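UniProt numbering puts the first residue of the sequence shown at 1, with every later residue one more than the last. Ideal Cβ placement from N, Cα and C applies to all residues, glycine included. Everything numeric in this text was worked out from a predicted model, so none of it was measured. A short worksheet on the structure shown next.
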Amino acid sequence: VERHAIDCTPEHTGELNVAVTPWQVEGLTESAAAHRDHGMEATLLDAAQTRAQVDSPTYLAGLWRRDGVVLVDPARLAWGLRSAAEGLGVRFFDRSPVRSLRTETDGDHPAVRVRTEGGSVVAERAVVATNAFRSPVRQISRSVAPVYDHVLVTEPLSEAQRASVGWSGRQGLSDVGNQFHYYRLTPDDRILWGGWDALYHFGNRVGPALEQSPTTSRTLARHFFETFPQLEGLRFTHRWGGPIATTSRFTCAWGTSHGGRVAWAAGYTGLGVGASRFGARVALDLIDGQETER
């Protein structure tokens, strides 16, 4: 981000995971011990200490990681990465659906041909990064499924509303249930609130028609005001959804195909802003035949 001057509004605020049921308190306690065992800084907070950071009557405990977590605007990050790549000579071909991907011989050398409706590209090797969207590689389709995640965004909070919740540290927050919420303050003091449902549409369907779910939005709104009853009456000005790629083990999967000339990594389960950097490096290791610690 610094090297390429990407304006993605980074905030070095840290992360606060909160427990809202007794069994989650036990999980946070175990997580705090695991952090210590691996030399990582994390502070276990009781209910009062957690509410001193962000005030919700639902909080029973918290785990605060002050370092190693940065909030960014993921869209601005993606646009900035694209701009940086273009500056290095990378060419992008938007709205060019891939119809086939196969190996062939280019002169005396094996190659990969990616064919679209308007033309084709031949390369020595290829990386497939389709993630939640339909892929020409069967292994990805067998390993990854798209599910829809939805968010709400509030109107800007007044000074009195901000004071009622505290949140002076502007941490990113998440509760730690199997179905969970994630939330943050935006630069203009709105609250982005998402998570809970992960909606699968039969046949791995994705598309703009699935980006709104009134039922899910109502559920998210109800949970929001249960978490912050002092904000009752606050309006939601934006709502949307989008597909994320998940796997049966809820972590990234990777592999090779086409005789090792194609590599792929996919299935970040909503954590791709950070984890996709790791996945990309794994894919490059695979396609280069490199044995690394990854």
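A direct Cα-to-Cα measurement between Thr43 and Ala34 gives close to 12 Å. Shown here, Leu28 sits in a helix according to DSSP, grouped into three states. Counting C-beta atoms within 10 angstroms of its own C-beta, Gln53 has 16 or more neighbours from the protein chains shown and is therefore classed as buried. For Pro146, the enclosing beta strand (DSSP E) starts and ends at Ala145 to Thr154. By alpha-carbon distance to Val70, the top candidate from Thr219, Gly270, Trp264 and His12 is His12. Exposure of His38 is indicated by the presence of fewer than 16 other C-beta atoms within 10 angstroms of its C-beta. Under the 8 Å Cβ criterion, the stretch 187 to 201 does not count as touching the stretch 280 to 292, having fewer than three qualifying pairs.
According to the DSSP assignment, Pro214 belongs to the alpha helix (DSSP H) that extends over Pro214 to Thr227.
Of all alpha-carbon atoms in Glu117, Arg3, Ser143 and Ala198, the one lying nearest the alpha-carbon of Ala84 is that of Arg3.
Ala263 is a Cβ neighbour of Val128, given a cutoff of 9 Å. Taking Asp106 as the centre and dropping the five residues before and after it, the same chain places the C-beta of Val122 closer than 7 Å to its C-beta, in chain order. The beta-carbon distance between Val25 and Ala61, rounded to whole angstroms, is 4 Å. This is short enough to meet the 8 Å contact definition. Each residue's CA atom was taken as its position, placing Ser164 and Gly172 some 18 Å apart. Uninterrupted beta strand (DSSP E) stretches at least 3 residues long and entirely within the stretch 236 to 277 occur at 236 to 246, 253 to 257 and 262 to 266, given in chain order. Restricting attention to Val147, Arg170, Gly166 and Leu45, the CA atom closest to the CA of His201 is found in Val147.
In the DSSP assignment, Pro110 falls within the beta strand (DSSP E) that extends over His109 to Thr116. Taking Phe250 as reference, the option from Ser143, Pro187, Ser257 and His223 with the minimal CA-CA separation is Ser143. For the beta strand (DSSP E) assignment, the uninterrupted runs of no fewer than 3 residues enclosed by the stretch 44 to 121 are, from N- to C-terminal side, 61 to 65, 98 to 106 and 109 to 116. Here Gly166 carries a strand assignment [DSSP, helix/strand/coil]. Annotation note: the stretch 177 to 213 contains the following uninterrupted beta strand (DSSP E) runs of length 3 or greater, listed N- to C-terminal: 181 to 185 and 191 to 195. The shortest C-alpha to C-alpha distance from Thr237 to any of Gln290, Ser217, Pro110 and Ala245 is the one to Ser217.
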